[in-house]
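*Asks:*
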Amino acid sequence: MDAILLVEQALNGLQFGLMLFLLAAGLTLVFGIMDMINLAHGSLYMVGAYLAATVATATGSFLVGAAAAVVGTAVVGMLLEVTLLRRLYKRDHLHQVLATFGLLLMANEAVRMIWGPEALSLPMPEALAGPVEIGGLVYPAFRLMIIAVGIVVAVLLYVLVAHTRLGMLVRAGASNREMARAMGVRVSTVFTLVFGIGAALCAVAGAMLGPLLAVQVGMGESILILAFVVIVIGGIGSVRGAFVGAVLVGMVDTFGRTLLPMSLRAVLPPQIAGNLGPALASILIYVLMAGVLFWRPQGLFPARG
Amino acid sequence: MIKKAVAAASMAMATVAVQAADQIRIGFMSTLSGPSAALGIDIRDAFNLVVKRNGGKLGGLPAEIIVVDDQMKPDTGKQATERLLKKDRVDVITGIVFSNVMLAVAPSIFENETFLVSANAGPTAYSGEGCNPFFFAASWQNDGQHEAAGHFSTTKGYKSVVLLAPNYPAGKDALTGFKRMYKGEVIDEIYTKLGQLDFAAELAQVRAAKPQAVYIFQPGGMGINFIKQWVAAGLNKQIPLIAPGFSADEDVIKAVGEPMVGMYNTAQWAHDLGNAENRKFVAEFQKEYGRLPTVYASQGYDTAQLIDAAVRDAKGKIEDRAVFGKALTTAKFNSVRGEFKLNVNHMPIQNYYLRQIWKDPSGRITNKLVSTVLTNHPDAYASACKMKPW
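Taken in sequence, the protein lines are chains A and B.
My numbering applies: residue -4 is where the first sequence begins, and numbers increase by one.
My numbering applies: residue 724 is where the second sequence begins, and numbers increase by one.
This is how it looks when you write it as structure tokens:
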């Protein structure tokens, strides 16, 4: 395995990890601050992708599509919080899981009714459709842009959480909700805002991944599972944990898929290696999660002391 | 009392079974949602074309087509099949696109002694020792298109290849088929997850392996994404990409466009095959649906033709399994692919063609027929099939 391939795979892992982070960040904040399990988080990602695809196709501009998706999904998220999810905070987790699972099913059917069962395609911006060459490495321009967007959003989020008043309230809420409330924090407004931010992050991920994957009903479910893995690894409620966890999962998945079958082939007969390689590679991130749960049950960066 | 009545009724049914049925019920289960929906939709639309032309009849019997979506999921398919068999009591099940769905639902169809006429998947599991009198493929045995591609890659002089396929039964069949006829070096075989849509890691691996050509079997939405990302990574300018007809047909061309021009692929059918039935099919399909048919559509059309001919030959006695089974085995119809007959394992013996994507004089990007790769080609498993003919 040469250096260029290693760098290319590292970029792939980073790109995947950063997109997971966008989803996990919202999920971990909602889970950590409001103690709320939101299974419909993936649906916001789906809504974001559909909005981006629709607006981008109608206007012919990917940028306009992405912007509309972010704003639209944030509004949908906040409306959802104000009308429905707010009532669930005090209920136990089982009720939350049931209600948000119902929401997820309804979202899927609603999308099917509005946009039809076939997958939509979200066209890549023309300028970024080809590859770029950086010192021997040929890499798709669009994926580089995704990495850049992911990093910028991560930095913005860090600044927001660590250096603003809203961030202080969020952190206070995450580490001790009751105390924050006792100190006079208007928790309900903070919650609505946090929910809107989470939804907007979902939409960013949806718009970025739309051209690479497919905009389809149920697209949120598989990625939601990975987002949960990320926040369990990173520590629930911690944005920093979500970042580290997401990049870790992205790297392990990418390198596992390529290195594992390769190294198995070196020691096993090809037939067995061929069967075992992909099977093992696909469970690798869950092995990682199990390992973290075993040695550090609170995750790598627990939000509560 | 009720039990007795039911018993009497079923005895009465058994005695009338030798008479012609008054209608034929077809369970059409296919993949009609998600990234691979285009496949099922093309099969369905072409199937309906035949039914519609016949005035809603197949082989002279009024046809009731019950369409259900398996969502490409074996468990969803299983539930839908139970409903088709037990509640709707269909005579024939068809339309299944994906082998993993087929392998999950076929055992209960066979157990129920219902005919399964495949419009697409022709898994190896039902080709050799596991062949079944209730299974018929109007499409191909899973290895077929890939054998042709392997043969073509050898004659084209590619010394080394990397192979990619999803990790599921048809993916394994595909690479087995390719390797059976390919004489050069296989540098690497990469199995991806079924339904995988992001191929960044695999593309990096392919680039590093530096093969002379790459062969992919990625049906439906997977193929669209693979080829799009192949182009975005600049690989289309470095390595020739070869595919079976599935991954280089109208659905993929529509999504990818220009960069696919020049790509070779192999299939048992091409829209510009010169026989009269095919010209009629392509013209009618275009008129009805406003798009060129894919290889999937051609299979849906032939599946309907096969059932139509068999019902006619059986004189409508479709409830008599032996009569209908024999009729399906020997049915003669004008296949859009030219000559077509079924082997002892009910898998087709047929030609496979080389096609190349080009820009036709009107500027439309589509496939053109290049040459015949394999003539009257039987599958490699038929000799292991010991089934008693109907």
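All C-beta atoms in this analysis are idealised placements derived from N, C-alpha and C, irrespective of residue type, glycine included.
Small disclaimer: the values here were computed from a predicted structure and weren't measured.
Closest by CA to residue 196/A, which one among 181/A, 44/A, 165/A and 32/A?
*Replies:* Measuring from the Cα of residue 196/A, the nearest candidate turns out to be 44/A.
*Asks:* Any C-beta of chain E sitting closer than 8 Å to the C-beta of residue 249/A?
*Replies:* This model lacks chain E altogether; the protein chains it does include are A and B.
*Asks:* Report the start-end ranges of each alpha helix (DSSP H) in the region 871 to 926 of chain B that is 4 residues or longer and not cut off at the edges.
*Replies:* You should have 892 to 904.
*Asks:* Which residues in the same chain as residue 9/A place their Cβ atom closer than 7 Å to its Cβ, once the five residues preceding and following it in sequence are excluded?
*Replies:* Correct list, in chain order: 142, 242 and 245.
*Asks:* Can you give me the Cβ contacts of residue 1001/B inside the same chain, cut-off strictly under 7 Å, excluding the 5 residues immediately before and after it?
*Replies:* Cβ neighbours of residue 1001/B beyond the five flanking positions: 1059.
*Asks:* Any contact of the region -3 to 7 of chain A with the region 256 to 273 of chain A, i.e. 3+ C-beta pairs under 8 Å?
*Replies:* Taking 8 Å as the limit for Cβ pairs, the verdict is that the region 256 to 273 of chain A does not touch the region -3 to 7 of chain A.
*Asks:* Please report whether the beta-carbon of residue 289/A lies at a distance below 8 Å from any beta-carbon of chain B.
*Replies:* So, not an interface residue.
*Asks:* Count the other CB atoms, across all protein chains shown, that sit within 10 Å of the CB of residue 948/B; report buried if there are 16 or more and exposed otherwise.
*Replies:* Buried.
*Asks:* Could you give the distance in angstroms between the alpha-carbon of residue 1102/B and the alpha-carbon of residue 1035/B?
*Replies:* Computed Cα separation, rounded: 28 Å.
*Asks:* Compute the Euclidean distance between the alpha carbons of residue 899/B and residue 172/A, then round it to the nearest angstrom.
*Replies:* C-alpha separation (whole angstroms): 60 Å.
*Asks:* For residue 1096/B, does the count of other Cβ atoms within 10 angstroms reach 16, so buried, or fall short, so exposed?
*Replies:* So residue 1096/B counts as buried.
*Asks:* Which residues does DSSP pair with residue 750/B in a beta bridge?
*Replies:* Bridge partners of residue 750/B: 789/B and 816/B.
*Asks:* In this structure, does DSSP put residue 966/B in helix, strand or coil?
*Replies:* Residue 966/B: strand per DSSP, three-state reduction.
*Asks:* Can you tell me the Cα-Cα spacing of residue 28/A and residue 166/A, whole angstroms?
*Replies:* Using only the alpha carbons, I get a separation of about 8 Å.
*Asks:* Which residues does DSSP pair with residue 1095/B in a beta bridge?
*Replies:* According to DSSP, residue 1095/B bridges with 1076/B.
*Asks:* Should residue 290/A be labelled buried (16 or more other beta-carbon atoms within 10 Å of its own) or exposed?
*Replies:* So residue 290/A ends up on the exposed side.
*Asks:* So residue 747/B and residue 842/B are in contact, right, with Cβ under 8 Å, and what is the actual spacing, rounded?
*Replies:* The Cβ separation is near 16 Å, so there is no contact.
*Asks:* Output the distance between the C-alpha atoms of residue 890/B and residue 914/B, rounded to the nearest integer angstrom.
*Replies:* Each residue's alpha carbon lies about 5 Å from the other.
*Asks:* Where in the region 961 to 1041 of chain B do unbroken runs of the beta strand (DSSP E), each at least 3 residues long, occur, reported from the N-terminal end onward?
*Replies:* Runs of the beta strand (DSSP E) inside the region 961 to 1041 of chain B: 964 to 967 and 987 to 990.
*Asks:* If residue 1073/B sits next to residue 861/B, beta carbons under 8 Å apart, how far is it from one beta carbon to the other, in whole angstroms?
*Replies:* Not confirmed; about 10 Å, so no contact.
*Asks:* Identify the contact partners of residue 920/B in chain A, using a Cβ-Cβ distance below 8 Å as the criterion.
*Replies:* Within 8 Å Cβ-Cβ: 207, 208 and 209.
*Asks:* Compute the Euclidean distance between the alpha carbons of residue 802/B and residue 850/B, then round it to the nearest angstrom.
*Replies:* In a straight line, the C-alpha of residue 802/B is about 25 Å away from that of residue 850/B.
*Asks:* Give the single residue among 787/B, 982/B and 1047/B whose Cα lies nearest to the Cα of residue 957/B.
*Replies:* Comparing Cα positions, the closest option is 982/B.
*Asks:* Helix, strand or coil for residue 1089/B per DSSP?
*Replies:* Residue state, collapsed to three classes: strand.
*Asks:* Applying the 10 Å Cβ sphere with the 16-neighbour rule, what's the burial state of residue 150/A?
*Replies:* Classification of residue 150/A: exposed, given that the 10 Å Cβ count is below 16.
*Asks:* Can you pull the chain A residues whose beta carbon is under 7 Å from the beta carbon of residue 928/B, in chain order?
*Replies:* Near residue 928/B (Cβ distances below 7 Å), the residues of chain A are 253.
*Asks:* Less than 8 Å between the CB atoms is what I'm expecting for residue 781/B and residue 1030/B, so what's the real figure, rounded?
*Replies:* Indeed, because the Cβ distance is near 5 Å, the residues count as touching under 8 Å.
*Asks:* Could you check the C-alpha separation between residue 155/A and residue 161/A for me, to the nearest Å?
*Replies:* Taking the straight line from one Cα to the other gives about 7 Å.
*Asks:* Does any residue of chain A have a CB that is nearer than 8 Å to the CB of residue 916/B?
*Replies:* It does; some Cβ of chain A falls within 8 Å.
*Asks:* If you drop the 5 nearest sequence neighbours on each side, which residues of the same chain put their C-beta closer than 7 Å to that of residue 959/B?
*Replies:* Excluding residues within five positions, the ones whose Cβ falls inside 7 Å are 953 and 982.
*Asks:* Since residue 942/B and residue 759/B should fall inside the 8 Å C-beta cutoff, what is the C-beta to C-beta distance between them, to a whole number of angstroms?
*Replies:* Residue 942/B to residue 759/B, Cβ: 7 Å. Contact.
*Asks:* Give me the Cα-Cα distance between residue 740/B and residue 38/A, rounded to the nearest whole angstrom.
*Replies:* Because residue 740/B carries a pLDDT of 48, less than 50, the predicted location of this residue cannot be relied on, and no value is offered for it.
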